[in-house]
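Down below is the structure, laid out as structure tokens.
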Amino acid sequence: MVVGAIVAAVSISTPPTRWEQSVPVTTATGLPVAYAVPVTFADLGPRLVAAGVIDPERFTMATSGGRSLTADEQRILDGTFDGRFVVDASSAGFLLNFFWAAGLANDNPILTSGPMSSNGDVGRFASTGGWTVGARPGAELFASIPLVTLSPAQQARLEAVAHAVYRPCCDNPTSFPDCNHGMAMLGLLTVMASENASQDAMFDAARWVSALWFPAQAAISGAYAGVQAGGHDWSTEDPAVLLSRDRFSASGQRNITAVLASLGVVPGGGAGGTGCALG
Numbered sequence: 012m013v014v015g016a017i018v019a020a021v022s023i024s025t026p027p028t029r030w031e032q033s034v035p036v037t038t039a040t041g042l043p044v045a046y047a048v049p050v051t052f053a054d055l056g057p058r059l060v061a062a063g064v065i066d067p068e069r070f071t072m073a074t075s076g077g078r079s080l081t082a083d084e085q086r087i088l089d090g091t092f093d094g095r096f097v098v099d100a101s102s103a104g105f106l107l108n109f110f111w112a113a114g115l116a117n118d119n120p121i122l123t124s125g126p127m128s129s130n131g132d133v134g135r136f137a138s139t140g141g142w143t144v145g146a147r148p149g150a151e152l153f154a155s156i157p158l159v160t161l162s163p164a165q166q167a168r169l170e171a172v173a174h175a176v177y178r179p180c181c182d183n184p185t186s187f188p189d190c191n192h193g194m195a196m197l198g199l200l201t202v203m204a205s206e207n208a209s210q211d212a213m214f215d216a217a218r219w220v221s222a223l224w225f226p227a228q229a230a231i232s233g234a235y236a237g238v239q240a241g242g243h244d245w246s247t248e249d250p251a252v253l254l255s256r257d258r259f260s261a262s263g264q265r266n267i268t269a270v271l272a273s274l275g276v277v278p279g280g281g282a283g284g285t286g287c288a289l290g
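Residues 12 to 290 in the numbering used here are what the sequence shown lists, from first letter to last.
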């Protein structure tokens with residue numbers, strides 16, 4: 012899949028004080044067209060730049076194909092953005108790369124005590140070795156700064172969701188963020204947890220963001236929900252079910268695609284998406 016060109020995203024003028032529900036614009040099949048990401052960016056951008064996690068010039072080249080970032084994207088990097096960043100197909104790549112940086116650099120037990128650190132060299136993973144737009148190699152940036160500190164209750168909510176949210180490029184959950192999508196989802200969910208989002212709210216955000224990163228696979232999962240009892244789609248099915256290993260991992264996608272094929276169902280509405288590398 013290929014990252015689309017990034018164009019201007021819009022912002023909502025009233026900044027969220029902590030966390031509040033965000034309602035997406037959806038298609039007839041329940042897939043998102045645009046989604047206001049329910050986090051406060053605050054000074055995350057400047058801190059990532061100051062710590063050498065993001066080199067602004069390299070990041071811009073990788074994220075936008077060499078042209079300037081949009082006004083809102085630039086404000087997120089310099090810490091002056093005070094609204095809701097609305098992500099769509101054109102800005103999904105920026106969101107992916109920004110939260111990839113945040114997830115990679117933040118010192119969190121999911122990284123330091125989880126499977127990423129259990130087998131030696133952390134630089135061998137795509138989410139670490141593939142991060143080439145910082146001042147240092149990704150392996151050196153791994154869990155290197157206290158970007159977001161969580162209370163025990165917030166950490167417990169984060170881990171519950173991270174263990175349960177999968178991605179269709181592999182069979183690993185967010186708690187094993189060995190690729191860019193997993194690391195970016197970890198970054199997003201960590202910031203949400205720090206703003207006291209509930210598990211339900213984090214699952215819901217993961218639903219919409221995952222569909223913008225993986226629209227074709229979301230269309231498959233949504234179509235599968237439609238042939239199950241209740242006739243749900245991507246917008247109405249329980250997101251914990253949609254994003255489970257059975258539905259949204261690589262193997263889960265193969266299985267439900269086979270079921271849909273046996274029923275003569277051809278999912279539509281999903282195209283584009285973000286690849287598993289910078290750019």
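The beta carbon of each residue, even a glycine, is placed where N, CA and C say it ideally should be.
Within the same chain, I231 come within 7 Å of T268 by CB-CB distance, once the 5 residues on both sides are set aside. Counting C-beta pairs closer than 8 Å gives fewer than three between the stretch 85–99 and the stretch 184–193, which falls short of the contact rule.
A distance below 6 Å between beta-carbons, with the five flanking residues on each side excluded, links V64 to the following residues of its chain, in chain order: A112, A116, G145, L152. Counting C-beta pairs with one atom in each stretch, the stretch 94–110 and the stretch 171–180 have fewer than three that are closer than 8 Å, which means they do not touch.
Within the same chain, Cβ atoms closer than 7 Å to the Cβ of R58 are found at L158, the five residues on either side in sequence being excluded. Look at T71 here: in three-state DSSP terms it is helix.
Annotated as proximal: N183 and S260, with beta-carbon spacing under 9 Å. Rounded to whole angstroms, the gap between the alpha carbons of A82 and L271 is 42 Å. Taking 3 residues as the minimum length, the beta strand (DSSP E) runs contained wholly in the stretch 59–116 are 95–99, in order along the chain.
V44 and V36 do touch by the CB rule: their CB atoms are close to 4 Å apart, below 8 Å. In this structure, P250 lies away from A204, with their beta-carbon atoms at least 9 Å apart.
Judged by DSSP secondary structure, Y46 falls within the beta strand (DSSP E) whose first and last residues are 43–47. Annotated as distal: N108 and T139, with beta-carbon spacing of 9 Å or more.
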